[in-house]
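Asks: In mature numbering (1 follows the signal peptide of the UniProt record, and there is no 0), the protein residues as written are -21 to -1, 1 to 156.
Even for Gly, the Cβ is constructed at its ideal location relative to N, Cα and C.
On a predicted model such as this, the values are computed, not experimentally measured, just so you know.
I have a structure I would like to understand better, so I am pasting it below and will then ask my questions one at a time.
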Amino acid sequence: MKFLKYSSLLVIVILFSSTHANTQEKKASKSNNKTLIQAAKEIMQNAKTCALITVDDKGIARVRTMDPFPPKENLIVWFGTNSNSRKVKQIQENNNVTLYYEDPDKTGYVTIYGIATIVNDVTEKEKHWKTKWKDFYPNYPKDYTLIKVIPKWMEVVSETRGILGDTKTWKPQKVTF
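Structure representation (C-alpha cells):
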C-alpha cells in the first residue's frame, strides 16, 4: 500500500513537472505581436534585397529578387519596377503575393503574405525613387511603375532574437494585420 501511495505521488510530480516545463517553454518561445513586428522591421531594414513571389497565368509561382524600400507603417512595402515586366501583369491578374526577407546573419527570416497593387501616381513615384536606378529607366517616370504590398499576415523566425517556431511542427510565429 505504501509503495502504491509513493508511486502515485511520483506520477503526479512527474506529470506536473512535465506540464509546467512545457508551459514555461511555450511562454519563453511565444512572442507578442509588438516584439514580432519589431523583429520583422529590423530584419527587413537590414536585408539588402528580398524575394517577391507572384503566380503566373498557369498557376506557377514566380520568384525574383527585389530591391525594396524600407518598410513603412504596418510593414507596407514598396518596390519599383519596369512597367512592362512580367510581375506587373501577374499582379494585375492575381494580386496575392509573398515577400521573403532573409536575416543577414542567416539565423532567421520574415515572410509576408499580402495584397499587391500597381501604382502609377507620379507623386508616389517621386517619393519612391532611387537615383542609382536612373540607367535602368531611361524614360522615367513613364517606364517606371510602383508595386505596393499591404500585408495580410506575416511569419517571423529569428534565432538571435529568441523568436522560434513550434518545436514539433516548426510552424513559425505569426502576426495577422
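Specify the secondary structure class of A26 as computed by DSSP and reduced to three states.
Replies: Coil.
Asks: Tell me which residues share the same chain as A95 and place their Cβ nearer than 6 Å to its Cβ, disregarding the 5 neighbours each side in the sequence.
Replies: Result list for A95: I70, N74, V76, I126 and V128, in chain order.
Asks: Identify, in the order they occur along the chain, each residue of the same chain with its Cβ nearer than 8 Å to the Cβ of M39, setting aside the five sequence neighbours on each side.
Replies: Here residue 39 turns out to be Ile, not Met, going by the sequence shown. Within the same chain, I39 has no close Cβ partners at all.
Asks: Can you look up T86 in the DSSP assignment and give me helix, strand or coil?
Replies: The answer is coil: DSSP assigns T86 none of H, G, I, E or B.
Asks: Under DSSP, the beta strand (DSSP E) around T155 begins and ends at which residues?
Replies: Run containing T155: Q152 to T155, per the beta strand (DSSP E) assignment.
Asks: Tell me, which residues are paired with R65 by DSSP?
Replies: None; R65 has no bridge partner.
Asks: E138 lies in the alpha helix (DSSP H); which residues open and close that run?
Replies: No alpha helix (DSSP H) contains E138, which DSSP labels as neither H nor E.
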